Every structure is written in structure tokens, then in C-alpha cells.
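**Student:**
There are 2 protein chains.
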Amino acid sequence: MNAANRSACPINLTLEVLGDRWSLLVIRDMMFGGRRRFRELLTRSEEGIASNILADRLKRLMEAGLLTRADDPSHKQKAIYSLTEAAIQLVPVFAQLGGWGRRHRPVSDELSIRAQLLEEGGPKLWDRFMDDLRAEHLGAPAKPGPTVREELQAAYEEVAAKAR
Amino acid sequence: MNAANRSACPINLTLEVLGDRWSLLVIRDMMFGGRRRFRELLTRSEEGIASNILADRLKRLMEAGLLTRADDPSHKQKAIYSLTEAAIQLVPVFAQLGGWGRRHRPVSDELSIRAQLLEEGGPKLWDRFMDDLRAEHLGAPAKPGPTVREELQAAYEEVAAKAR
DNA sequence: CGAGGCGCTTGCGACTTGCAAGTGGATCAC
DNA sequence: GTGATCCACTTGCAAGTCGCAAGCGCCTCG
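Protein sequences appear in the order of chains W and A. For this note's numbering, add 290 to where a residue sits in the first sequence, where the first one is 1. For this note's numbering, add 290 to where a residue sits in the second sequence, where the first one is 1.
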């Protein structure tokens, strides 16, 4: 369980940071849902994370170098969390995880359309998405045109509307 | 925690099956290490899994449809575990996880060479590897030539020899 | 027939999780 | 300016999970 006494295998080391039920979901909500604050992550989470678990995960992810925290200059008690470059590079991992889940788990149509588009878009779309995230979280210059998140969101809403 | 009351998001559903510290490591040892028996998985695991945890994970993975169990006809008390097609399709997920770990975690050179080759080989290599696994675990006809696992293993041993 | 290997199971203490409630401070509405 | 509300967490506690060591019945080998 200790990080120290386990192996230096890349997969094992990745699992030591991300191998639990919540860490990747928190990052997913920040990436795909655009959430940046504690309260947003807490209350708008599909799966209903508990506040102490969320606090603990944010702390661990910061220690692992996947997230940073800054005070909101416009509102002293608000904090803003940002993804680091390392976290942004999880985009292909999410694409594969989502693609696998879509094919092998009982997903709903609305929620799987994003995974499908991300998978079909391939590395080109992933790179665009990562550039969007760098602009949003790291202050890199933004590219013109709609963001990948907006495109995915629009597709989701279209499917959700049809389902109703 | 219950599968029932969480969301139908592909990433969440994937995490419900694989989102713990051991499940993916067990599958990794079967895929990349060629282990098929309880005892092999127990004693030749780099990370030292406990026997009760291993038993529990094998059971859960069978219930999730990722593994099957058969009696060894030549030895009544031995069991053989096989990967299902769903588990074999985790190859790209492993490739991405390994690639990310290699870039962002303190991996050792010997253990990361496999991840590097798998990443650089891209979808073509992944497909070959998946075909190898289908031959080994599902009884599909084998392709001629060395298996991907053998190639990865040879590269690993070369690096390990240099390191000494 | 005894030693050892096989796939597990059991007991138990330590740690982790999930829920509900609470904390101190900042902001907002009036 | 004052009371209600929002904010990011923290605390207490019950329940569940993990990890280690030991043990189980069965089978095989010499």
C-alpha cells in the first residue's frame, strides 16, 4: 500500500496515483465538465462524492502534481483548481477508458456519445482538446473557434433531447 | 459504492470494474507476464498481492466478464484463468496508462522499456498483441512468428542486462 | 506413506469510505 | 450593519475494505 514498497512499473506507478474510485472522476469533471471549484465538484458530480473524500482527493492530486490550487482574486474565499500539464496528458487515457466502457459496460446513450466522439476523433481531436485545456488551465494562448468541450457538449445535448 | 446508484457514464462504469489498486495489475500480469494460475499470480507478482485479495479480485473479474476459469485437465487441483475478449481489448488502455506513467512517474528504465515499445508501436502493435492473446486465451488460430510478448520480454532483458 | 504443492478461506487489526453535521470566515440583500 | 447565506473544508462515527499470517482440504510426486 505504501508507495515505497511497490514496484517501479509504469502501470503500477500510474495506478498508485489514479487507481481508486474517485481520482479520475474528479479529473474527468474538471476536464469534460469545466468545473474548477470545490463546490462545483461536490454538488454537480453525477456520482455524488462526499465532501471529505473530495477534499482528500484534491489534496492527493495536488501532491502528485496533477492539480494546482489558487485563490480567486475576485472572491477571497473561493479557490480555483487547475489541471497541470501532466493531468492534461491524461486525455488519451480517458479516451481509451471511455471507449472501452462504451463497448463493454451498460452505458446510457446520452452519456456515451462524448466517449464515442472522442474515440473516433483520434489523436488529432485529443491534441486539440489538450490545447484547449492548456489555454483554460495553464494560460496558454487560445485557438480560435469552438472548443472541443463545446462540441462534445452540443452532441450530448442533441442526443439527450432526442431521448426525451 | 454500489454499482446501482452511480452514473451510467462510460468512465465511471469502467472505474467501477477496474478502479482499484489490484484489478488492472492482475490483468497486466496475465497479459504481459503470461501468468495463468493462482499461485503464479500470487508469488510472481512484483507488488506482492495478498492471497485473499487475489482470490477476491479473480472472483470479481470473473463476475464482470473479464476472466474465465477452467480446471486444468492434466492436474485436477490446478485452475487456469483466461482473459476474455473484453479483457483483451484493454490493451490500448494499458498502452496509454503505461505511456503516461513512463512520462510522469519515477519509473525504472528496465520496467519502462515495454511501455515505451508498446506506445511507439501504436495501434498496429496493439492489434498484433491482441491477436496473440486471442490465440493464447480464446483458442484462436495462432499467427506465425514471435509473439509480441516475446519481443517485449527480449527488449526488457536487453535493457536489464545493460543496467547490470 | 509422508512431504509438499494446489487454490483458496479465516481471523484480526489497521486503515479507508461514506454520511451527517459543524467550523470560521467572506459575501450578499436589505 | 446585521442576519442569512455561501465557501472550502473538518470532524465524528459506523461500516466496509485491506493486508498479513495462518490454516483448510485436496491432490500429486517420490
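For every residue, glycine included, the Cβ atom is placed at its ideal position computed from N, Cα and C. Quick caveat: nothing in here was measured; it's all calculated off a predicted structure.
1. With residue 391 of chain A and residue 383 of chain A assumed to form a contact (beta carbons below 8 Å), what rounded beta-carbon distance in angstroms separates them?
2. Strictly by DSSP, which residues pair up with residue 341 of chain W?
3. Starting from the N-terminal side, write out each stretch of the alpha helix (DSSP H) that is 4 residues or longer and does not extend beyond the stretch 339-383 of chain A.
4. Whose Cβ in chain W lies nearer than 8 Å to the Cβ of residue 443 of chain A?
5. Are the stretch 300-311 of chain A and the stretch 302-310 of chain W in contact at 8 Å, needing three or more beta carbon pairs?
6. How big is the Cα-Cα spacing for residue 320 of chain W and residue 376 of chain A?
7. Can you give the Cα-Cα distance for residue 365 of chain W and residue 432 of chain W, rounded to whole angstroms?
8. Listed in chain order, which residues of the stretch 336-365 of chain W have Cβ atoms closer than 7 Å to some Cβ of chain A?
9. Give a yes or no on whether the minimum CB-CB distance between residue 397 of chain A and chain W is below 7 Å.
10. Would you call residue 302 of chain A buried or exposed, if buried means 16 or more other Cβ atoms sit within 10 Å of its Cβ?
11. Using a Cβ-Cβ cutoff of less than 7 Å, which residues in the same chain neighbour residue 416 of chain A once the five nearest sequence positions on both sides are dropped?
12. Against chain W, does residue 383 of chain A count as a neighbour if the rule is that its beta carbon must be under 7 Å from one of theirs?
13. Classify residue 436 of chain W as buried or exposed, calling it buried when 16 or more other Cβ atoms lie within 10 Å of its own Cβ.
14. Between residue 378 of chain W and chain A, is there a C-beta pair that is closer than 7 Å?
15. Where does residue 397 of chain A sit, in a helix, a strand or coil, going by DSSP?
16. On a Cα-Cα basis, can you pick out the residue from W/454, W/326, W/341 and W/324 that is closest to residue 399 of chain W?
17. Just the C-alpha distance for residue 440 of chain A and residue 413 of chain W, rounded to the nearest angstrom, thanks.
18. Whose CA, out of W/372, W/404 and W/304, lies closest to the CA of residue 362 of chain W?
19. Spatial neighbours of residue 421 of chain A within its chain, please: CB distance less than 8 Å, with the 5 preceding and 5 following residues excluded, ordered by chain position.
20. Using 8 Å for Cβ pairs, my map puts residue 403 of chain A next to residue 446 of chain A. What's the rounded Cβ distance?
21. At a Cβ threshold of 7 Å, is residue 325 of chain A touching chain W?
22. For residue 369 of chain W and residue 318 of chain A, I'd like the C-alpha separation in whole angstroms.
23. Here's the rule I'm using: 16 or more other beta-carbon atoms within 10 Å means buried, otherwise exposed. How should residue 360 of chain A be labelled?
24. Cα separation between residue 443 of chain A and residue 300 of chain W?
25. Could you have a look at residue 429 of chain W and say whether DSSP puts it in helix, strand or coil?
26. Excluding sequence positions up to five away, which residues of its chain have a Cβ less than 8 Å from the Cβ of residue 325 of chain W?
27. Is any beta-carbon of chain A found at less than 7 Å from that of residue 405 of chain W?
28. Which runs of the alpha helix (DSSP H) spanning at least 4 residues fall entirely within the stretch 295-334 of chain A, listed in chain order?
29. Between the beta-carbon of residue 316 of chain W and the beta-carbon of residue 347 of chain W, is there less than 7 Å?
30. Would you decide whether residue 409 of chain W is buried or exposed? Buried here means 16 or more other CB atoms lie within 10 Å of its CB.
31. Below 8 Å on the Cβ atoms is my contact criterion, and I expect residue 336 of chain A with residue 297 of chain W to pass it. Report the Cβ-Cβ distance as a whole number of Å.
**Tutor:** So, from the data block:
1. The residue given as residue 391 of chain A occupies position 101 in the second sequence. The residue given as residue 383 of chain A occupies position 93 in the second sequence. By a beta-carbon distance limit of 8 Å, residue 391 of chain A does not contact residue 383 of chain A. Their separation comes to about 12 Å.
2. In the first sequence, the residue the question calls residue 341 of chain W occupies position 51. For residue 341 of chain W, DSSP assigns no beta-bridge partner whatsoever.
3. Those alpha helix (DSSP H) runs which fall completely within the stretch 339-383 of chain A and span 4+ residues are 341-353 and 375-378.
4. Here residue 443 of chain A is taken as the residue at index 153 of the second sequence, counted from 1. Near residue 443 of chain A there are no residues of chain W at all, since even the closest Cβ is about 14 Å away, more than 8 Å.
5. Segments in contact, yes.
6. Here residue 320 of chain W refers to the residue found at position 30 of the first sequence. Here residue 376 of chain A refers to the residue found at position 86 of the second sequence. Taking the straight line from one Cα to the other gives about 28 Å.
7. Sequence index remark: in the first sequence, residue 365 of chain W carries index 75 (1-based). Sequence index remark: in the first sequence, residue 432 of chain W carries index 142 (1-based). Straight-line Cα distance between these residues: approximately 25 Å.
8. Along the stretch 336-365 of chain W, going in chain order, the ones with a CB nearer than 7 Å to a CB of chain A are 336 and 337.
9. As a working note, residue 397 of chain A is residue 107 in the second sequence. Yes - at least one Cβ of chain W is within 7 Å of the one on residue 397 of chain A.
10. For the purposes of this step, residue 302 of chain A is identified with residue 12 of the second sequence, where counting begins at 1. Buried is the call here.
11. Numbered from 1 along the second sequence, position 126 holds the residue referred to as residue 416 of chain A. Only residues of its own chain outside the window of five on either side were considered, and among them 381, 382 and 385 have a CB closer than 7 Å to the CB of residue 416 of chain A, listed in chain order.
12. Residue mapping note: residue 383 of chain A aligns to position 93 of the second sequence, counting from 1. Put simply, the CB of residue 383 of chain A is near chain W, with a gap under 7 Å to one of its CB atoms.
13. Numbered from 1 along the first sequence, position 146 holds the residue referred to as residue 436 of chain W. Residue 436 of chain W should be labelled exposed.
14. Counting from one through the first sequence, the residue named residue 378 of chain W turns up at place 88. No, because no Cβ of chain A sits closer than 7 Å to the Cβ of residue 378 of chain W.
15. Residue mapping note: residue 397 of chain A aligns to position 107 of the second sequence, counting from 1. Of the three classes helix, strand and coil, the one that applies to residue 397 of chain A here is coil, per DSSP.
16. Start at 1 with the first residue of the first sequence, and residue 399 of chain W comes out as number 109. The shortest C-alpha to C-alpha distance from residue 399 of chain W to any of W/454, W/326, W/341 and W/324 is the one to W/454.
17. As a first step, residue 440 of chain A is located in the second sequence; it is residue number 150 there, counting from the start. As a first step, residue 413 of chain W is located in the first sequence; it is residue number 123 there, counting from the start. So the two alpha carbons sit approximately 28 Å from each other.
18. Taking the first residue of the first sequence as 1, we reach residue 362 of chain W at position 72. It is W/372.
19. Taking the second sequence and counting its residues from 1, one reaches residue 421 of chain A at position 131. Excluding positions up to five away in sequence, the list reads 430 and 433.
20. Against the second sequence, residue 403 of chain A aligns to sequence position 113. Against the second sequence, residue 446 of chain A aligns to sequence position 156. Between residue 403 of chain A and residue 446 of chain A the beta-carbon gap is near 6 Å, inside 8 Å, which marks them as a contact.
21. Working through the second sequence from its first residue, we reach residue 325 of chain A at position 35. Answer no: the Cβ-Cβ gap between residue 325 of chain A and chain W never drops below 7 Å.
22. The count along the first sequence starts at 1 and reaches residue 369 of chain W at position 79. The count along the second sequence starts at 1 and reaches residue 318 of chain A at position 28. Between residue 369 of chain W and residue 318 of chain A, the C-alpha separation is close to 39 Å.
23. Locating residue 360 of chain A in the second sequence gives position 70, where the first residue counts as 1. By the Cβ neighbour-count rule, residue 360 of chain A is exposed, with fewer than 16 other Cβ atoms within 10 Å of its own.
24. Sequence index remark: in the second sequence, residue 443 of chain A carries index 153 (1-based). Sequence index remark: in the first sequence, residue 300 of chain W carries index 10 (1-based). Across the structure, residue 443 of chain A and residue 300 of chain W are spaced so that their CA atoms are roughly 15 Å apart.
25. The residue labelled residue 429 of chain W in the question sits at position 139 within the first sequence. Residue state, collapsed to three classes: coil.
26. Position 35 of the first sequence, counted from the first residue, corresponds to residue 325 of chain W. If we look at residue 325 of chain W and ignore the five residues flanking it on each side, its Cβ neighbours are 319, 331 and 334.
27. Indexing the first sequence from 1 puts residue 405 of chain W at position 115. At least one chain A Cβ lies under 7 Å of residue 405 of chain W.
28. Runs of the alpha helix (DSSP H) inside the stretch 295-334 of chain A: 300-308, 313-323 and 328-333.
29. Numbered from 1 along the first sequence, position 26 holds the residue referred to as residue 316 of chain W. Numbered from 1 along the first sequence, position 57 holds the residue referred to as residue 347 of chain W. Here residue 316 of chain W is near residue 347 of chain W, since their CB atoms are less than 7 Å apart.
30. In the first sequence, residue 409 of chain W corresponds to position 119, counting from 1. Within a 10 Å sphere around the beta-carbon of residue 409 of chain W sit 16 or more other beta-carbons, which makes this residue buried.
31. Numbered from its first residue, the second sequence carries residue 336 of chain A at position 46. Numbered from its first residue, the first sequence carries residue 297 of chain W at position 7. Their Cβ separation, rounded to whole angstroms, is 4 Å, which keeps residue 336 of chain A and residue 297 of chain W in contact under 8 Å.
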